[in-house]
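Here the structure comes first, spelled out in C-alpha cells, and everything after it is commentary.
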Amino acid sequence: MILEKKVTPGERLRALKQAIDRKGYVRILEAHSGLSGIIAESARVQTGQGILEYDGLWESSLTDSATKGLPDASIVGCDSRIHTIDEILNVTSKPLIVDGDTGGEPAQFEYLVQHLERLGVSAVIIEDKVYPKRNSLDASASQDLEDPMVFAEKIKTGKEAAVTPDFMIMARLESLIAGGTVREALDRAEKYILAGADGIMIHSNKPDPGPILEFADAYQRLCQRLGRRPVLVSVPTTYNTVSDAELANRGFNIIIHANHMLRAAYKAMAEVASTILAGGSSLEANPLCATVPEVFSTVGFDRITRMDRERVETMRRVSAETNGAAARSNG
Ligand code: SPV
Ligand code: MG
C-alpha cells in the first residue's frame, strides 16, 4: 500500500489535538493489523450532512492480543505491540491512539512514551490497575486497582519523558470496572488531572450508560473547579444504546469503538470456514468473501502490476526507437 495522503510522524501526532479543537469530538475505530487499519481509515459513508469518516484509529490490547490468538492479560509484550503499531502506521495516515494497558512500571512507561511519540502516535491511554491486568470487559475477572498516588506519579513520569506537549498521555479510570462508584472515579480523576493527564477515560462494562453520563456531568464541575479540562474519553462497547452524538453532547471529546473490526473479522472467518467445510467446495463461500481483486487493490498490488506494465511498455518503445534509428543510419 502506497499512501494516497502522505504525512510525517509529527503532522500525524498533532492531527488528533487539531481535530478535537476543530470539531469538538472525534470518532475513533479499532485496528489490529495493517489491513484493518486501511479499511478503518478508508471507510466513507455519504449522508445528508456530507461524507462521514473516522477521525483516527485505536490500537487495542484486546484485539492485538486476540489477533495473535492470545488472551488480553498482559501476555503480549511491549515490543510485539509496537510491531503491530508500526504495521498500522506504515499503511495509514490518520491519528493513532494506543492502549498502553497499565503502562508497566515507570521506567517501562518512559520507554513506551518515547517510542510512541517518535513513531507519530498521538496519544497513549493507561489504566489505573495493577500489572498484570485482566481485560475490563470480563466482569468476573479480578480487577485490582493501583494506588491512585502511584498511578499519578506514573502520569508525571510519562509527561516528563515526552519530548513535545503535543503527545497526549491519558488516564483511564477503572473504578466502575472494579465495582467502585462514580464518586471514587472522580476522586481519582482529580489526582490524575493534577498530575498532568491530557485526557481522562471513564470506563464501564455495564450496558447502562447512566453512571458514565453521571460521571460526565460531574467531570464538567470538577474541571471548572480545577481550571483545566483534559479531554474526556468514552469506549461505549457495552452501553452502545447511547449514540456518539449524544455522548459528545454530554461532554465526551473522544469516542472509541474499541474492538469491532476484530469481532467482525472473527465472525466472518468462522462463517466462511464452516461454509467451505460443509459445502465440499468454496463456491458457496464466494458471497461471504471479498474478491481477490478487491484485496489486491486495497493493499496496493494493482499499483505494482501497473508499474510493471508501464516499465515493459517503456522498454519496448525505447528499444523500437533505438532499432529504428540504427536502421535509418545503416540504410
Ligand atoms: C481494549 O480495547 O483493549 C481496551 C478496551 O482496553 S476494553 O477491552 O473495553 O477494556
Ligand atoms: Mg486494553
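Start counting the sequence shown at 115; every next residue gets the next number (this note's numbering). Positions of the beta carbon are idealized from the N, C-alpha and C atoms, including for glycine. Just so you know, these numbers come straight off a predicted model, no measurement behind them.
Is it the case that the Cβ atoms of residue i and residue j are separated by a distance below 7 Å?
i	j	result
G170	F223	no
L402	V386	yes
P344	I314	yes
E155	W172	no
E260	V296	no
T352	N319	yes
L361	I316	no
I202	G151	yes
T198	Y245	no
Q228	A275	yes
L130	S236	yes
A332	I269	no
D186	S194	no
I291	L340	no
R302	P350	no
M282	D312	yes
I390	A382	no
D358	I369	yes
Closest to residue i by CA distance: which of the options is it?
i	options	result
D373	T122, Y245 and L251	The sequence given here places Asn at residue 373; Asp does not occur at that position. Residue L251 is the option with its Cα nearest to N373.
N363	M375, H371, T352 and S348	S348
N249	S443, G324, D178 and G341	D178
D200	G148, E328 and I283	G148
H371	Y168, I134 and I152	Y168
K247	P220, V190 and L340	V190
T122	L233, K268, D193 and I153	L233
K120	G218, D312, I142 and N204	N204
I326	G365, E304, K305 and I307	G365
A378	A180, S395, G394 and S357	A180
E267	L300, A221, V277 and M282	A221
C192	G162, V159, L230 and R158	L230
K137	R423, Q338 and L166	L166
Hey, would you say the C-beta of residue i is under 6 Å away from at least one heavy atom of ligand 2?
i	result
S256	no
S102	As shown, the chain starts at 115 and ends at 445. That puts residue 102 outside it, with no answer to give.
D280	no
S175	yes
D213	yes
Does any heavy atom of ligand 1 sit closer than 6 Å to the C-beta of residue i?
i	result
L184	no
V349	yes
L233	no
A372	yes
L251	yes
Would you check whether ligand 3 has a heavy atom nearer than 6 Å to the C-beta of residue i?
i	result
H229	Ligand 3 is not part of the structure shown, which contains ligand 1 and ligand 2 as its ligands.
*Three or more beta-carbon pairs under 8 Å between the segment 249-257 and the segment 209-226, yes or no?*
They do not touch, by the three-pair rule.
*What runs of the beta strand (DSSP E), each 3 residues or longer, lie entirely inside the segment 223-291?*
237-241 and 282-287
*Curious, which full-length alpha helix (DSSP H) runs of at least 4 residues does the segment 389-415 contain?*
406-413
*Counting only runs of 4+ residues fully inside the segment 154-218, write out the alpha helix (DSSP H) ranges in chain order.*
List check, alpha helix (DSSP H) in window: 175-181 and 192-204.
*Could you pull out every unbroken beta strand (DSSP E) segment of at least 3 residues lying fully inside the segment 334-399, listed in chain order?*
345-348 and 368-371
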